[in-house]
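Under this note's numbering, the first residue of the sequence shown carries the number 1060, and numbering increases by one thereafter. All residues carry an ideal CB built from backbone N, CA and C; glycine is no exception. Inspection log for the structure reproduced underneath, given as structure tokens.
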Amino acid sequence: MAKKKILYLEDGASDMYFVVQVLKKDPAICSNYDIIACSRLDIAKDEFNKNKGHIALIVTDLNMSDDFINKELKQETYGCMLTGWVWLEHYVLADNPNLPIIIYSAFIDVLKKEKSQQIRDRNICFLGKGIDIDEDAYECDDENENHGFEALLCKVKKILNI
1060 MAKKKILYLE DGASDMYFVV QVLKKDPAIC SNYDIIACSR LDIAKDEFNK
1110 NKGHIALIVT DLNMSDDFIN KELKQETYGC MLTGWVWLEH YVLADNPNLP
1160 IIIYSAFIDV LKKEKSQQIR DRNICFLGKG IDIDEDAYEC DDENENHGFE
1210 ALLCKVKKIL NI
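Take a look at the structure:
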């Protein structure tokens, strides 16, 4: 049986490297899930389409290039601050509205202000880069819950029930 997948979209090289390392070092994650790390939206779209039905979780940044967003949707990115959300809303959630998502970004406040109607009642956990700004979602019990990459690892494990 094929492993389920965690799709991670991040265009920042250092964040990409460290998050993937943290996830792959966790025995429960690496034995049960493949990590698909994508640095561009076009690659993430292809991987999402290739792995439909096998993706258990998406982790994404918000602020990234809008080069692979169609012209009509570019204005919704607010100068690229919400490009990750536009991808989620129009390509991912349109196909699978209940897919668990972690938005790991410094621009969560912009998303909540500009897209409050669209994010309401979604299966989304918000985690600010460096600080956890959504204390009620998927609370972690360990001592590392509010420390950057470890907080992300904790959220991933809570959502996947591992």
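Judging by CA-CA distance, which residue of K1216, L1211 and R1099 is the nearest neighbour of W1146? In the sequence shown, residue 1146 corresponds to position 87, counting from 1. Of the candidates K1216, L1211 and R1099, R1099 places its Cα closest to the Cα of W1146.
Select from K1214, V1169, V1081 and G1207 the residue whose C-alpha is nearest the C-alpha of I1183. Numbered from its first residue, the sequence shown carries residue 1183 at position 124. Answer by Cα proximity: K1214.
Measure the alpha-carbon distance for G1112 versus G1143 and round it to whole angstroms. The residue you call residue 1112 lines up with position 53 of the sequence shown. The residue you call residue 1143 lines up with position 84 of the sequence shown. G1112 and G1143: Cα-Cα distance of roughly 21 Å.
Based on the DSSP output, what are the partners of Y1092 in its beta bridges? One-based indexing of the sequence shown puts residue 1092 at position 33. Beta-bridge pairing links Y1092 to K1063.
Between which residues of its own chain and E1106 is the CB-CB distance below 7 Å, once the five residues before and five after are set aside? In the sequence shown, the residue the question calls residue 1106 occupies position 47. Only L1066, I1095 and C1097 meet the Cβ criterion.
If you drop the 5 nearest sequence neighbours on each side, which residues of the same chain put their C-beta closer than 8 Å to that of L1141? As a first step, residue 1141 must be located in the sequence shown, where it is residue number 82. If we look at L1141 and ignore the five residues flanking it on each side, its Cβ neighbours are L1121, N1122, E1135, F1166, V1169, L1170, E1173 and K1174.
Burial state of Y1007, where buried means 16 or more other Cβ atoms lie within 10 Å: Limits of the chain in this structure are 1060 at one end and 1221 at the other, which puts residue 1007 out of reach.
Tell me where the beta strand (DSSP E) around G1187 begins and ends. The residue you call residue 1187 lines up with position 128 of the sequence shown. I1183 to G1187 is the extent of the beta strand (DSSP E) around G1187.
Starting from the C-beta of H1149, find all residues in its chain whose C-beta is less than 7 Å away, skip the five residues before and the five after it, and write them out in chain order. Here the question's residue 1149 lines up with position 90 in the sequence shown. Excluding positions up to five away in sequence, the list reads L1132.
Quick check on DSSP: helix, strand or coil for N1205? Position 146 of the sequence shown, counted from the first residue, corresponds to residue 1205. Unreliable positioning characterises N1205 in this predicted model, as indicated by a pLDDT of 42, which lies under 50. The coordinate reading is nonetheless provided below. Coil.
Could you name the residues of the same chain whose beta carbon sits closer than 7 Å to that of L1212, not counting the 5 residues immediately before and after it, in chain order? Counting from one through the sequence shown, the residue named residue 1212 turns up at place 153. Hits under 7 Å: V1081, L1082 and D1085.
Quick check on A1072: buried or exposed, where buried means 16 or more other Cβ atoms within 10 Å of its Cβ? For the purposes of this step, residue 1072 is taken as residue 13 along the sequence shown, with counting starting at 1. By the 10 Å Cβ count, A1072 comes out exposed.
For the candidate residues G1207, I1161 and V1151, whose alpha-carbon lies nearest to that of F1185? Within the sequence shown, numbered from 1, the residue matching residue 1185 stands at position 126. Among G1207, I1161 and V1151, the Cα nearest to that of F1185 is on I1161.
Near K1188, which residues of its chain fall below 7 Å by C-beta distance, leaving aside the five closest residues on each side in sequence? Here residue 1188 corresponds to residue number 129 of the sequence shown, with the count starting at 1. Here the set comprises Y1163, S1164 and A1165.
Could you tell me the alpha carbon to alpha carbon distance between K1063 and D1093, rounded to whole angstroms? Here residue 1063 corresponds to residue number 4 of the sequence shown, with the count starting at 1. Here residue 1093 corresponds to residue number 34 of the sequence shown, with the count starting at 1. Distance between the alpha carbons of K1063 and D1093: 6 Å.
Quick one, are the C-beta atoms of V1078 and F1208 less than 9 Å apart? In the sequence shown, the residue the question calls residue 1078 occupies position 19. In the sequence shown, the residue the question calls residue 1208 occupies position 149. Cβ distance < 9 Å, so V1078 and F1208 count as in contact.
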